[in-house]
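*Asks:*
Residue numbers (UniProt numbering): 1 to 280.
Take a look at the structure:
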């Protein structure tokens with residue numbers, strides 16, 4: 001994480017801290033048997049009280065995700081899931097995960113990758129170094145994600161690179177996950193027809209997940225990751241929210257995962273969906 005998270009405008013509840021740490025454990029950010037930061041360190045990180053962090057840890061301990069050891073140290077207890085044995089006779093899956101910034105796309109992608117063993121292609125991880133260099137060479141800031149230069153020149157190349165990486169893996173018989181906002185793409189009928197045609201040509205099944213979250217959850221994710229590309233969003237948060245369509249509907253069949261604070265954990269929802277699809 002490049003910098004400490006900023007203060008949240010509404011404070012941070014024990015439930016919110018527990019949810020975010022749970023997701024970080026289940027997505028592999030915190031590994032099995034890794035020692036967690038101390039209660040005081042977590043309280044400082046979240047800019048909340050020791051008592052609030054203690055309540056969050058009690059929730060995770062009750063779920064079996066955290067084990068307390070001597071001298072108040074706590075370690076992660078998440079040895080991992082048994083991955084489903086692959087069968088060569090099965091058609092590979094192209095899984096598209098879209099959602100607004102801070103909705104939890106990358107975390108959901110990591111959780112599903114851990115459950116299935118499928119390769120994961122996250123747009124930011126796959127393209128950010130090249131994108132930042134290109135923006136600088138074109139005379140813009142490396143954090144630019146709002147200008148016409150980025151939106152019309154650089155962004156389309158990012159998505160094409162992601163599509164190519166995925167198609168190359170699927171052509172080898174591997175299912176693949178790609179995570180990105182996909183806001184323009186999933187409402188563009190020409191793009192969705194293109195993706196469906198690609199999947200058919202590759203003998204693959206195309207699946208789409210749209211992940212939603214309430215505004216406070218999205219802001220928490222964005223602040224915690226501390227990415228320079230989010231500076232403009234956070235500085236103009238109310239204006240940014242004006243452009244967030246909580247009723248966004250992709251133009252092809254899709255499943256919804258809700259990552260709001262009141263919803264079940266991402267891992268639980270992911271497992272239920274993969275089971276319904278016959279993947280697990």
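For every residue, glycine included, the Cβ atom is placed at its ideal position computed from N, Cα and C.
Look at the Cβ atom of residue 210, then the Cβ atom of residue 28, and state whether they are nearer than 7 Å.
*Replies:* Counting from 1 along the chain shown, the entry for residue 210 is found at position 210. Counting from 1 along the chain shown, the entry for residue 28 is found at position 28. It is not a contact, given that the beta carbons lie outside the stated cut-off.
*Asks:* Counting only runs of 3+ residues fully inside the region 107 to 163, write out the beta strand (DSSP E) ranges in chain order.
*Replies:* 120 to 122
*Asks:* Quick one: what's got a C-beta closer than 8 Å to residue 50's C-beta in the same chain, skipping five residues either side?
*Replies:* Within the chain shown, numbered from 1, the residue matching residue 50 stands at position 50. 39, 40, 43.
*Asks:* Roughly how many whole angstroms lie between the Cα atoms of residue 214 and residue 248?
*Replies:* Along the chain shown, read from residue 1 onward, the residue named residue 214 stands at position 214. Along the chain shown, read from residue 1 onward, the residue named residue 248 stands at position 248. Spanning the two alpha carbons is a distance of roughly 13 Å.
*Asks:* Cα-Cα, which of 280, 279, 265 is closest to residue 17?
*Replies:* Here residue 17 refers to the residue found at position 17 when the chain shown is read from its first residue. Residue 17 has its Cα closest to that of 265, out of 280, 279, 265.
*Asks:* Quick check: is the beta carbon of residue 166 nearer than 7 Å to any beta carbon in chain D?
*Replies:* As a matter of chain content, chain D is missing from the structure shown, which is built from one protein chain.
*Asks:* Let's see if you can read the secondary structure: which residues bound the beta strand (DSSP E) around residue 271?
*Replies:* Here the question's residue 271 lines up with position 271 in the chain shown. No beta strand (DSSP E) holds residue 271; the alpha helix (DSSP H) holding it covers 266 to 276.
*Asks:* In terms of residue numbering, what span does the alpha helix (DSSP H) encompassing residue 199 cover?
*Replies:* Counting from 1 along the chain shown, the entry for residue 199 is found at position 199. Counting along the chain, the alpha helix (DSSP H) containing residue 199 begins and ends at 189 to 201.
*Asks:* Would you kindly check if the distance between the Cβ of residue 91 and the Cβ of residue 173 is under 7 Å?
*Replies:* Position 173 of the chain shown, counted from the start, is the residue given in the question as residue 173. Position 91 of the chain shown, counted from the start, is the residue given in the question as residue 91. In this structure, residue 91 does not lie closer than 7 Å to residue 173 by Cβ.
*Asks:* Compare the beta carbon distance of residue 167 and residue 198 with 7 Å and say whether it is the shorter of the two.
*Replies:* In the chain shown, the residue the question calls residue 167 occupies position 167. In the chain shown, the residue the question calls residue 198 occupies position 198. Taking 7 Å as the Cβ cut-off, residue 167 and residue 198 qualify as a contacting pair.
*Asks:* Grouping DSSP H, G and I as helix and E and B as strand, with all else coil, what is residue 101?
*Replies:* For the purposes of this step, residue 101 is taken as residue 101 along the chain shown, with counting starting at 1. If DSSP states are grouped into helix, strand and coil, residue 101 belongs with coil.
*Asks:* Quick one, are the C-beta atoms of residue 118 and residue 25 less than 7 Å apart?
*Replies:* Sequence index remark: in the chain shown, residue 118 carries index 118 (1-based). Sequence index remark: in the chain shown, residue 25 carries index 25 (1-based). Going by C-beta atoms, residue 118 is not nearer than 7 Å to residue 25.
*Asks:* Regarding residue 149 and the ligand ZN, is the C-beta to nearest heavy atom distance less than 6 Å?
*Replies:* With respect to the ligand ZN, the structure offers nothing, as it holds no ligand at all.
*Asks:* Comparing C-alpha positions only, which one of 250, 216, 275, 113 sits nearest to residue 240?
*Replies:* As a position in the chain shown, residue 240 is number 240, starting the count at 1. The candidate whose alpha carbon is nearest that of residue 240 is 216.
*Asks:* Pull up the distance between the alpha-carbon of residue 257 and that of residue 140, whole angstroms please.
*Replies:* For the purposes of this step, residue 257 is identified with residue 257 of the chain shown, where counting begins at 1. For the purposes of this step, residue 140 is identified with residue 140 of the chain shown, where counting begins at 1. Cα to Cα, residue 257 sits roughly 35 Å from residue 140.
*Asks:* Tell me the rounded alpha-carbon separation between residue 3 and residue 268.
*Replies:* Indexing the chain shown from 1 puts residue 3 at position 3. Indexing the chain shown from 1 puts residue 268 at position 268. Note that residue 3 scores a pLDDT of 43, beneath 50, so its modelled location is shaky; the value from the coordinates is reported in the next line. Answer to the nearest angstrom: the Cα atoms are 30 Å apart.
*Asks:* Would you kindly check if the distance between the Cβ of residue 142 and the Cβ of residue 132 is under 7 Å?
*Replies:* On the chain shown, position 132 is the one that residue 132 refers to. On the chain shown, position 142 is the one that residue 142 refers to. Yes. Within cutoff.
*Asks:* Contact defined as beta carbons within less than 8 Å: I believe residue 170 pairs with residue 112. What is the distance between those atoms, to the nearest angstrom?
*Replies:* Reading the chain shown from its first residue, position 170 is the one you call residue 170. Reading the chain shown from its first residue, position 112 is the one you call residue 112. Contact flag wrong, Cβ pair sits at about 16 Å.
*Asks:* Mind checking which residues open and close the alpha helix (DSSP H) that includes residue 206?
*Replies:* As a position in the chain shown, residue 206 is number 206, starting the count at 1. Where residue 206 is concerned, there is no enclosing alpha helix (DSSP H), although the beta strand (DSSP E) it sits in stretches over 205 to 212.
*Asks:* Please name the residue in 55, 219, 125, 225 whose C-alpha comes closest to that of residue 238.
*Replies:* As a first step, residue 238 must be located in the chain shown, where it is residue number 238. If we check each option's Cα against that of residue 238, 219 comes out closest.
*Asks:* Taking the alpha carbon of residue 35 as the reference point, which residue from 151, 179, 195, 66 has its own alpha carbon closest?
*Replies:* As a position in the chain shown, residue 35 is number 35, starting the count at 1. Checked all of 151, 179, 195, 66; the closest Cα to residue 35 is 66.
*Asks:* What did DSSP end up calling residue 242 once you bin it into helix, strand or coil?
*Replies:* In the chain shown, residue 242 corresponds to position 242, counting from 1. Shown here, residue 242 sits in a helix according to DSSP, grouped into three states.
*Asks:* How is residue 53 classed by DSSP in three states: helix, strand or coil?
*Replies:* Reading the chain shown from its first residue, position 53 is the one you call residue 53. Helix at residue 53.
*Asks:* Rounded C-beta distance between residue 126 and residue 165? I'm assuming under 8 Å.
*Replies:* Position 126 of the chain shown, counting from 1, holds the residue named residue 126. Position 165 of the chain shown, counting from 1, holds the residue named residue 165. About 6 Å; that satisfies the 8 Å criterion.
*Asks:* By a C-beta neighbour count over all protein chains shown, 10 Å radius and 16 as the cutoff for buried, is residue 236 buried or exposed?
*Replies:* As a working note, residue 236 is residue 236 in the chain shown. With fewer than 16 other Cβ atoms within 10 Å, it is exposed.
*Asks:* What separation, rounded to the nearest whole angstrom, lies between the Cα atoms of residue 255 and residue 276?
*Replies:* Against the chain shown, residue 255 aligns to sequence position 255. Against the chain shown, residue 276 aligns to sequence position 276. The alpha-carbon atoms of residue 255 and residue 276 are separated by roughly 11 Å.
*Asks:* Please work out which residues of its chain come closer than 8 Å, Cβ to Cβ, to residue 20, disregarding the five sequence neighbours upstream and downstream, and give them in chain order.
*Replies:* Reading the chain shown from its first residue, position 20 is the one you call residue 20. Result list for residue 20: 220, 221, 224, in chain order.
*Asks:* Starting from the C-beta of residue 33, find all residues in its chain whose C-beta is less than 7 Å away, skip the five residues before and the five after it, and write them out in chain order.
*Replies:* Here residue 33 is taken as the residue at index 33 of the chain shown, counted from 1. If we look at residue 33 and ignore the five residues flanking it on each side, its Cβ neighbours are 75, 76.
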